[in-house]
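K.L.:
My structure is below; once you've seen it, I'll send some questions.
Residue numbers (my numbering): 521 to 1250.
Right under this line is the structure:
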């Protein structure tokens, strides 16, 4: 039988391998402490959240989206919310106050923030504020007494508490940043200010909190009793018996971590013209530093990509590397100057990026493997090439580690980099290749039930032309294969030390649906569609594990955040700087901004520069109008833009077609969750669908743009077989 139950897995494999796996991948945030515990036990201290030690367990419990709250957040961006206009202030002051209150609300367009504010107690905010002042006041970036006044105001507004709103808004009015009142901030800056306040809150908050029990008892507040929208929202989130739930914004509303990279070298342009570029480069030196960036500038410069396999997480990462670009008599040249050795060091820095890691030796656990396109074999790229021919000294053979990706490609090889935590010299592996669902199987599924097959497989892309990327599986992970969607294709396999890792041929595993087709004559065999529905999250396992062909077009958000600069410091000394985002896999938000018109009046843009900036903005925004570059992934977030010559900004949701499709389905009366929706969502369902399709504006009329976006793997398929193991314990 293809599937083994979890008891079989555990009883056969409770040994040091399983314990070691759980020790590494257990949820780092998993504890039952809530903020009240910090007042009872002095030993428990408020701590800063750090995403550097994210585990697979953290990703397992985090990667999901509550569509009901997503719909409510879209509703916020659709309406101009009504705010309290009472008071005896002047008309002009009242208008400013109304506008500021309205602008503060748009942070609720982030669904995780909205959900947390709805369920958490107001006391949580003040308790955390007190603890920050006691333990970390020197690190607080805001005046201590006003540190969370925006959060307090929004909590009061959501729960119709006039007292909280009035008191907290007075504190908002008193806030000054560099002697500039929030009333003088333009729209985007106010949104950014609110976002930063929430990053500060989630940075110090615990992972868990006890929900506001007043939500579920008779409330004396008449406004709440009569607010059916409020009452409906109480049912949006599953509440366990102990009424303790995790903060949805914890770990995802953060300042992004970037690694700044600097390459400096001497370039001798006077050498022989037909000599390769690397031979003209001397004294090449790379250095790195680590940055927390609240909002990254959108930019673009030509670069290339390499693939990195995280062999522990079973995930492919795309690493962005700049060209060395220069002009000569023949035009612009785009040069690959990073050798495989350079790229190995670069990847180590990215995967080991953490505070204080600058002077810590980096472990040798990044290994480049070359795929021979002619022989279809895999070999480790070693420091010294051991392959020799008769009469040729091995030391005279050019070292592959000193070659570029371009040179390897021209020699008939594709290079994939592996991040392997185990010691490859002492660990027994099998080299496993997981094949996608066969086209014949997909055709059979559509033949069996076309409507249901479309729901399951319309986004499924079978890439049969590109070679598959294998994984190095230790013993424990091969046991998980029997709980997952794969069966051994043909030959038997054995665990062994893979020696010098040369000329390896992967062991192939076929998808379980193909097995279902081969055994279709079995009387008790489930229908193909039934089987696919049962293991829906497994359909896209390892969908990214294909080799990107050399110079194959690839585009994601990180292509626009590199901020590449190529400078000539002095004669023949070149410096290339760029930045790369540290990926945590939690579905964290990233903020991007671009000033289409310079804020500094002394800074002028040529018409060419202006058009180039517009093209970059359009290209970046178009990423979110099409299918995610990676299968089974989705984008969603918000887009704010300020109009030229007007004190006005506009906000609307941005999302990829898959997210739009999910929300369309939710807002359809036949959906099983439709009855849970708040009355306002039901009333405006068609308008919200239209709102989701808001077109990108004509940027010639725009002065500034700001995007908050996240990328999520909503089925958790990117965990691969790790999902099947973690699913036993959580």
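Note that the Cβ used here is the ideal one computed from N, Cα and C, for glycine as well.
Between the alpha carbons of residue 951 and residue 577, how many angstroms are there, rounded?
P.N.:
Against the chain shown, residue 951 aligns to sequence position 431. Against the chain shown, residue 577 aligns to sequence position 57. Taking the straight line from one Cα to the other gives about 25 Å.
K.L.:
Whose CA, out of 799, 1111, 1131 and 1133, lies closest to the CA of residue 776?
P.N.:
Start at 1 with the first residue of the chain shown, and residue 776 comes out as number 256. The option with the nearest alpha carbon to residue 776 is 1111.
K.L.:
Below 8 Å, how does it come out for the stretch 1070–1086 and the stretch 811–828: are there three or more Cβ pairs, yes or no?
P.N.:
Yes, the stretch 1070–1086 is in contact with the stretch 811–828.
K.L.:
According to the Cβ coordinates, are residue 1170 and residue 1158 closer than 8 Å?
P.N.:
For the purposes of this step, residue 1170 is taken as the residue at position 650 of the chain shown. For the purposes of this step, residue 1158 is taken as the residue at position 638 of the chain shown. No, the Cβ-Cβ distance between residue 1170 and residue 1158 is not below 8 Å.
K.L.:
Looking at the strands, I want to know which residues DSSP matches up with residue 591.
P.N.:
The sequence position of residue 591 within the chain shown is 71, counting from 1. In the DSSP output, where bridge partners are listed per residue, residue 591 has none listed.
K.L.:
Report back the beta-carbon spacing between residue 1055 and residue 1005 to the nearest angstrom; my notes put them in contact at under 8 Å.
P.N.:
Working through the chain shown from its first residue, we reach residue 1055 at position 535. Working through the chain shown from its first residue, we reach residue 1005 at position 485. The pair is a contact, with the Cβ atoms about 6 Å apart (cut-off 8 Å).
K.L.:
Note down, one range per segment and in chain order, each alpha helix (DSSP H) of at least 4 residues found wholly within the stretch 967–1011.
P.N.:
970–977 and 995–1001
K.L.:
Quick one: give me the first and last residue of the beta strand (DSSP E) that residue 1156 is part of.
P.N.:
As a first step, residue 1156 is located in the chain shown; it is residue number 636 there, counting from the start. Start and end: 1154–1163.
K.L.:
Shortest alpha-carbon distance to residue 958 belongs to which of 722, 1030 and 770?
P.N.:
Stepping through the chain shown from its first residue, residue 958 is reached at position 438. Among 722, 1030 and 770, the Cα nearest to that of residue 958 is on 1030.
K.L.:
To the nearest whole angstrom, what separates the beta carbons of residue 652 and residue 667, a pair I think is in contact under 8 Å?
P.N.:
For the purposes of this step, residue 652 is taken as the residue at position 132 of the chain shown. For the purposes of this step, residue 667 is taken as the residue at position 147 of the chain shown. Sure, about 7 Å apart at Cβ, within 8 Å.
K.L.:
Taking 8 Å as the threshold (C-beta atoms), are residue 1164 and residue 1213 in contact?
P.N.:
Here residue 1213 corresponds to residue number 693 of the chain shown, with the count starting at 1. Here residue 1164 corresponds to residue number 644 of the chain shown, with the count starting at 1. Not closer than 8 Å, so no.
K.L.:
Residue range of the alpha helix (DSSP H) that residue 1128 falls in?
P.N.:
On the chain shown, residue 1128 is found 608 positions in, with the first residue counted as 1. 1127–1142 is the extent of the alpha helix (DSSP H) around residue 1128.
K.L.:
Please classify residue 1250: does DSSP put it in a helix, a strand, or coil?
P.N.:
Start at 1 with the first residue of the chain shown, and residue 1250 comes out as number 730. Coil.
K.L.:
Whose C-beta lies closer than 8 Å to the C-beta of residue 855 among residues of the same chain, with five residues either side of it excluded?
P.N.:
As a working note, residue 855 is residue 335 in the chain shown. Closer than 8 Å at Cβ, skipping near neighbours: 797, 843, 844, 845 and 846.
K.L.:
How many whole angstroms separate the CB atoms of residue 634 and residue 625, which I take to be in contact at a CB cut-off of 8 Å?
P.N.:
The residue given as residue 634 occupies position 114 in the chain shown. The residue given as residue 625 occupies position 105 in the chain shown. Wrong, their Cβ atoms sit about 10 Å apart, outside the cutoff.
K.L.:
Taking the DSSP output, what are the residues bridged to residue 898?
P.N.:
Within the chain shown, the letter at position 378 stands for residue 898. In DSSP, residue 898 forms a bridge with 891 and 1024.
K.L.:
Which one or two residues does DSSP pair with residue 776 in a beta bridge?
P.N.:
The residue you call residue 776 lines up with position 256 of the chain shown. Per DSSP, 813.
K.L.:
Quick test of your reading: residue 1147 and residue 1177, contact by CB under 8 Å. State the CB separation rounded to the nearest angstrom.
P.N.:
Your numbering for residue 1147 matches position 627 in the chain shown. Your numbering for residue 1177 matches position 657 in the chain shown. The pair is a contact, with the Cβ atoms about 6 Å apart (cut-off 8 Å).
K.L.:
Give me whichever residues DSSP pairs with residue 781 in a beta bridge.
P.N.:
As a working note, residue 781 is residue 261 in the chain shown. In the DSSP assignment, residue 781 is bridged to 808 and 1098.
K.L.:
Starting from residue 766, trace the beta strand (DSSP E) both ways and give me its first and last residue.
P.N.:
Along the chain shown, read from residue 1 onward, the residue named residue 766 stands at position 246. Unbroken beta strand (DSSP E) run through residue 766: 764–766.
K.L.:
Skipping 5 residues on each side, what residues in its chain have a beta carbon closer than 7 Å to that of residue 996?
P.N.:
Here residue 996 refers to the residue found at position 476 of the chain shown. 533, 537, 538 and 541, listed in sequence order.
K.L.:
At 3 residues or longer, and completely inside the stretch 1163–1200: list those beta strand (DSSP E) runs for me, N to C.
P.N.:
1169–1175
K.L.:
Out of 1206, 1228, 669 and 1234, point me to the one whose CA is closest to residue 598's CA.
P.N.:
The residue labelled residue 598 in the question sits at position 78 within the chain shown. The candidate whose alpha carbon is nearest that of residue 598 is 1206.
K.L.:
Nearest to residue 1132 by CA position, among 1143, 1144, 1116 and 1145, is which residue?
P.N.:
The sequence position of residue 1132 within the chain shown is 612, counting from 1. Minimum Cα distance to residue 1132 is reached at 1116.
K.L.:
Spell out a yes or no on whether the stretch 862–873 and the stretch 940–956 are touching, meaning 3 or more CB-CB pairs, one atom from each, closer than 8 Å.
P.N.:
no
K.L.:
So what does residue 935 bridge to, in DSSP terms?
P.N.:
What you label residue 935 is simply residue 415 of the chain shown in a count that begins at 1. DSSP lists 890 as the beta-bridge partner residues of residue 935.
K.L.:
So for residue 832, helix, strand or coil by DSSP?
P.N.:
As a working note, residue 832 is residue 312 in the chain shown. In the structure shown, residue 832 sits in coil (DSSP, three-state: anything other than H, G, I, E or B).
K.L.:
Report yes or no: do the stretch 1014–1023 and the stretch 1082–1100 share at least 3 C-beta pairs separated by less than 8 Å?
P.N.:
no
K.L.:
On a CA-only basis, which of 1002, 731 and 778 is nearest residue 758? Give me that one, please.
P.N.:
By one-based count along the chain shown, residue 758 stands at place 238. Looking at 1002, 731 and 778, the one whose alpha-carbon comes closest to that of residue 758 is 731.
K.L.:
I'd like the list of long-range same chain contacts for residue 575, defined as Cβ closer than 8 Å, with 5 residues on each side in sequence excluded.
P.N.:
Position 55 of the chain shown, counted from the first residue, corresponds to residue 575. Contacts found: 544, 545, 546, 547 and 548.
K.L.:
Taking the alpha-carbon positions, what's the residue 984 to residue 1061 distance?
P.N.:
Against the chain shown, residue 984 aligns to sequence position 464. Against the chain shown, residue 1061 aligns to sequence position 541. Their Cα atoms are separated by approximately 16 Å.
K.L.:
Taking 8 Å as the cut-off, does the stretch 751–768 touch the stretch 683–692 (at least 3 CB pairs, one atom from each stretch)?
P.N.:
no
K.L.:
From the DSSP output, read off the bridge partner residues of residue 851.
P.N.:
Indexing the chain shown from 1 puts residue 851 at position 331. Note: residue 851 sits in a beta bridge opposite 848.
K.L.:
Considering only the alpha carbon of each residue, which of 988, 1175, 1003 and 1094 lies closest to residue 787?
P.N.:
Taking the chain shown and counting its residues from 1, one reaches residue 787 at position 267. It is 1094.
K.L.:
Looking at the structure shown, is residue 533 part of a helix, part of a strand, or coil, going by DSSP?
P.N.:
Numbered from its first residue, the chain shown carries residue 533 at position 13. With a pLDDT of only 48 at residue 533, under the threshold of 50, the placement of this residue in the model should not be trusted, and no figure is reported.
K.L.:
Comparing alpha-carbon positions, which option in 1058, 1229 and 623 lies nearest residue 1245?
P.N.:
Within the chain shown, the letter at position 725 stands for residue 1245. Residue 1245 has its Cα closest to that of 1058, out of 1058, 1229 and 623.
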